[in-house]
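Trainee:
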Amino acid sequence: DHGGHDHGEHCDHGGGGDHGGHDHGGHDHGHGHGHGDEEESHGAADRQKLFMALGFCASFMIVEFVAGYISNSLAIITDAAHLATDASAFGLAIAATYLAEKGPTSSHSYGYQRAEVLSSLASTLFIWVLTIILIWEAIQRVVDWANDDMEEVDGKTMSIVALIGVFVNLILERILGGNGEHGHSHGGTVHKKHVEMTDMNLEDGGNHSASYGSVEEEHDEHVNVNMDAAYLHVIGDLIQSVGVMVAGLIIWWKPTWQVIDPLCTFVFAGIVMFTTLNMLRSNINVLLEGVPDDVDVDRLRAHLLEIKDDTGASIVMNVHDLHVWNIAPGKPLLSAHIHASNAPVALQKAHYVCQKYGIPHATIQINGPNDPCSSKVCCREY
Numbered sequence: 001d002h003g004g005h006d007h008g009e010h011c012d013h014g015g016g017g018d019h020g021g022h023d024h025g026g027h028d029h030g031h032g033h034g035h036g037d038e039e040e041s042h043g044a045a046d047r048q049k050l051f052m053a054l055g056f057c058a059s060f061m062i063v064e065f066v067a068g069y070i071s072n073s074l075a076i077i078t079d080a081a082h083l084a085t086d087a088s089a090f091g092l093a094i095a096a097t098y099l100a101e102k103g104p105t106s107s108h109s110y111g112y113q114r115a116e117v118l119s120s121l122a123s124t125l126f127i128w129v130l131t132i133i134l135i136w137e138a139i140q141r142v143v144d145w146a147n148d149d150m151e152e153v154d155g156k157t158m159s160i161v162a163l164i165g166v167f168v169n170l171i172l173e174r175i176l177g178g179n180g181e182h183g184h185s186h187g188g189t190v191h192k193k194h195v196e197m198t199d200m201n202l203e204d205g206g207n208h209s210a211s212y213g214s215v216e217e218e219h220d221e222h223v224n225v226n227m228d229a230a231y232l233h234v235i236g237d238l239i240q241s242v243g244v245m246v247a248g249l250i251i252w253w254k255p256t257w258q259v260i261d262p263l264c265t266f267v268f269a270g271i272v273m274f275t276t277l278n279m280l281r282s283n284i285n286v287l288l289e290g291v292p293d294d295v296d297v298d299r300l301r302a303h304l305l306e307i308k309d310d311t312g313a314s315i316v317m318n319v320h321d322l323h324v325w326n327i328a329p330g331k332p333l334l335s336a337h338i339h340a341s342n343a344p345v346a347l348q349k350a351h352y353v354c355q356k357y358g359i360p361h362a363t364i365q366i367n368g369p370n371d372p373c374s375s376k377v378c379c380r381e382y
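Start counting the sequence shown at 1; every next residue gets the next number (UniProt numbering).
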C-alpha cells in the first residue's frame, strides 16, 4: 500500500479525478490468432537457422582443436576458441527464443529470462580463461623462437584447415544472413536514445490508446537482437579464418617465419577478448540492475516533469523513486513515483513517454500533488 492509495490498473485513462493510480504497464493482448501463429512460425524459423549454425560451428570447432594440436598451431587453436564463443552465442540465442515463449510462474514472476544472462556470463568467463592460457603459451613460443628452440608449425595443414574455415563461415553467413539490419556491436558504444518533447506531442496525448506495446513485439525484437549478434559473430570469425589462412601460407612458404603463428595468436586473442568484453559488461550491468546503456534517465525524468494536460498546463509536480533496469539484455523495465494534479492524464502520458524511450513495461504510481509518500526511502534521490 503506497500511502493508502488505490493501486488498481487504469484500463480507462479518461476516468475521474482519483489521484491514487498504480499502473503496471498494461499490454494490449487483443492480437489475433493469426499474429500469434506468425510470431510462433518466425521463432521456429530462427531456431532452425540457429540449430544449423550451431551444428556447423561446433563440428568445425572440434576439427580446429584437433588440427591445431596436430599442426602445432596456436593460431588455429585460438580460432577454435573464437568458434567456441560463436557456439555459445548460438546456444544462448536458441535459449532466448525458448525463454521468450516461456511465461512467468508463481515462483519466478519474471520467468527465466536471466538464465540467458547467467549462461552468457559463465561462457564468457570460460572463454577468457582459455584465451589467457593461449596468450601465455604464445609468449612462451616467442621466447623459444628468440632462442632458436621453437617447435615447428605445419603451415600446410594450418592453411588447409583455415581455408575450410573460410568456407564454413561463408555457409554460416548464408544460413544467418538476410535477417535485416545487423546493428549489434560486440564492443562498440551504444548510443542513448535522443528523444525530444516535440517528437512526442504530449499536448495531444489524450487520444492515445491505453495499449503500451505488446509482449509479442518485445519478444520478437529480443530474438532479432540475438540473431544479429550471432550473424556478427560469424563475420568476425570469417575475418579471423582468413587471417589464419594467410599466416599458414606464409609459414608454408617461409618455414623460418614460424613466429608468425604466436604473433597471430596475440592478435586473435585480442579479437576474442574485445568481441566478448561488451557482452561481459552488459551481463554484469543486467545482474547489478544498472540503467540500460541506451536510456538517459535524467532526460527521461525531465520529460516526465514536462507532462501537460490538454490545456497546456503542467500537471506533474514531482518525479522520484525513478528506476530503469533490464530484466535481460534489450528488455527494459521502469518504476516511478509521480505526484500530479491530474492522475489519469499524467498516467497515460507518462506511459507514452516511456514508450518513446523504448520501455514497454512501466509501473507508475500516481499520487496527488500534496499526498505524502508512505516511506522516506521512497523519496531518496541518487
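Virtual Cβ for every residue (Gly too), placed ideally from N, Cα, C. Note that the structure is predicted; figures quoted are calculated from it, not measured.
With respect to the alpha helix (DSSP H) encompassing P332, which residues constitute its N-terminal and C-terminal limits?
Mentor: For this step, residue 332 is matched to residue 332 along the sequence shown. No alpha helix (DSSP H) holds P332; the beta strand (DSSP E) holding it covers 331-340.
Trainee: Using beta-carbon positions only, say whether E116 and A95 come within less than 9 Å of one another.
Mentor: Counting from one through the sequence shown, the residue named residue 116 turns up at place 116. Counting from one through the sequence shown, the residue named residue 95 turns up at place 95. In this structure, A95 lies closer than 9 Å to E116 by Cβ.
Trainee: Considering Cα atoms alone, identify which of L304, N169, W128 is closest to residue 383.
Mentor: Because the chain in this structure spans residues 1 to 382, residue 383 falls outside the shown range and cannot be described.
Trainee: Can you have a look at E151 and say buried or exposed, based on whether 16 or more other CB atoms are within 10 angstroms of its CB?
Mentor: Position 151 of the sequence shown, counted from the first residue, corresponds to residue 151. The residue is exposed, with fewer than 16 neighbouring Cβ atoms inside 10 Å.
Trainee: Among A75, G55, F56, which has the Cα closest to the Cα of L249?
Mentor: Along the sequence shown, read from residue 1 onward, the residue named residue 249 stands at position 249. Nearest of A75, G55, F56 to L249, Cα basis: A75.
Trainee: I'd like to confirm the pairing. Which residues does DSSP put opposite N318 in its beta bridges?
Mentor: Taking the sequence shown and counting its residues from 1, the one referred to as residue 318 is at position 318. N318 pairs with H339.
Trainee: Count the C-beta pairs between the stretch 109-125 and the stretch 266-284 that are closer than 8 Å, then say yes if the count reaches three, no if not.
Mentor: Counting Cβ pairs under 8 Å, three or more are found: they touch.
Trainee: Use the C-beta contact count for W145: other C-beta atoms within 10 angstroms, 16 or more gives buried, fewer gives exposed.
Mentor: Here the question's residue 145 lines up with position 145 in the sequence shown. With 16 or more other Cβ atoms within 10 Å, it is buried.
Trainee: In the DSSP assignment, what are the bridge partners of H323?
Mentor: Position 323 of the sequence shown, counted from the first residue, corresponds to residue 323. According to DSSP, which records beta bridges pairwise, H323 is partnered with S335.
Trainee: Any idea which residues DSSP pairs Q348 with across the strands?
Mentor: If you number the sequence shown from 1, residue 348 lands on position 348. In the DSSP output, where bridge partners are listed per residue, Q348 has none listed.
Trainee: Quick one: what's got a C-beta closer than 6 Å to N326's C-beta in the same chain, skipping five residues either side?
Mentor: The residue you call residue 326 lines up with position 326 of the sequence shown. Excluding residues within five positions, the ones whose Cβ falls inside 6 Å are V286, P292, P332.
Trainee: Going straight from the alpha carbon of F266 to that of P360, what length do you get?
Mentor: For the purposes of this step, residue 266 is taken as the residue at position 266 of the sequence shown. For the purposes of this step, residue 360 is taken as the residue at position 360 of the sequence shown. If you take the alpha carbons of F266 and P360, they lie about 43 Å apart.
Trainee: Compute the distance between the beta-carbons of A80 and G68, then report whether it is under 9 Å.
Mentor: Here residue 80 refers to the residue found at position 80 of the sequence shown. Here residue 68 refers to the residue found at position 68 of the sequence shown. Contact flag set, yes.
Trainee: Relative to the alpha-carbon of L172, which residue among M245, G358, C57 has its alpha-carbon at the smallest distance?
Mentor: Here residue 172 refers to the residue found at position 172 of the sequence shown. Minimum Cα distance to L172 is reached at C57.
Trainee: So what's H82 in DSSP terms, helix, strand or just coil?
Mentor: As a position in the sequence shown, residue 82 is number 82, starting the count at 1. H82: helix per DSSP, three-state reduction.
Trainee: Going along the chain, which residues of its own chain have a beta-carbon closer than 8 Å to the beta-carbon of W252, five neighbours each way excluded?
Mentor: Start at 1 with the first residue of the sequence shown, and residue 252 comes out as number 252. G155, K156, M158, S159.
Trainee: V242: which of I366, G91, I164, F51 sits nearest, CA to CA?
Mentor: Start at 1 with the first residue of the sequence shown, and residue 242 comes out as number 242. That would be I164, whose Cα lies nearest to the Cα of V242.
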